[in-house]
Amino acid sequence: MSKVMMYSRQVCPYCDRAEALLRSRGVDQIEKIMVDTNTQGRDEMMSRTGRRTVPQIYIGDTHVGGFDDLAALDRAGGLRTLLNGIS
1 MSKVMMYSRQ VCPYCDRAEA LLRSRGVDQI EKIMVDTNTQ GRDEMMSRTG
51 RRTVPQIYIG DTHVGGFDDL AALDRAGGLR TLLNGIS
């Protein structure tokens with residue numbers, strides 16, 4: 001399974017929903033970078049993604065985007081493929 005990394009905050013309903021969706025698809029490890037307590041992580045997120053909102057999710061080297069993007073990818077059937085490293 002592909003590595004999952006998520007820029008997040010301690011209090012973030014969309015981050016919680018993204019994590020729940022990923023776990024429901026079999027992801028057991030999510031590397032989290034907490035941008036509310038890690039200014040370097042926040043700067044890195046904004047530089048890598050061009051976005052200021054969380055969550056920002058990477059699966060492998062692919063920037064999925066936020067929760068809405070993740071949910072849309074799942075509905076389209078692409079999330080399992082991406083998680084399994086098949087592109």
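Residues 1 to 87, numbered by full-length UniProt numbering, are exactly what the sequence shown covers, in order.
Ideal Cβ placement from N, Cα and C applies to all residues, glycine included.
Keep in mind it's a predicted model, so treat the numbers as computed, not measured.
**Asked** Do you know how far the Cα of threonine 37 is from the Cα of phenylalanine 67?
**Response** Counting from 1 along the sequence shown, the entry for residue 67 is found at position 67. Counting from 1 along the sequence shown, the entry for residue 37 is found at position 37. When rounded, the distance between both Cα atoms is 21 Å.
**Message:** Quick check on DSSP: helix, strand or coil for glutamine 10?
**Reply:** Looking up residue 10 in the sequence shown gives position 10. Coil.
**Prompt:** So what does lysine 32 bridge to, in DSSP terms?
**Reply:** The residue labelled residue 32 in the question sits at position 32 within the sequence shown. Paired residue(s): Met6.
**Neighbourhood of histidine 63 by C-beta distance below 8 Å, restricted to the same chain and skipping five residues each side** = One-based indexing of the sequence shown puts residue 63 at position 63. Contacts found: Arg48, Thr49, Gln56, Ile57.
**Request:** Assign glutamate 19 to buried or exposed, taking buried as 16 or more other Cβ atoms, counted over all protein chains shown, within 10 Å of its Cβ.
**Result:** Position 19 of the sequence shown, counting from 1, holds the residue named residue 19. It is buried - the Cβ of glutamate 19 has at least 16 other Cβ atoms within 10 Å.
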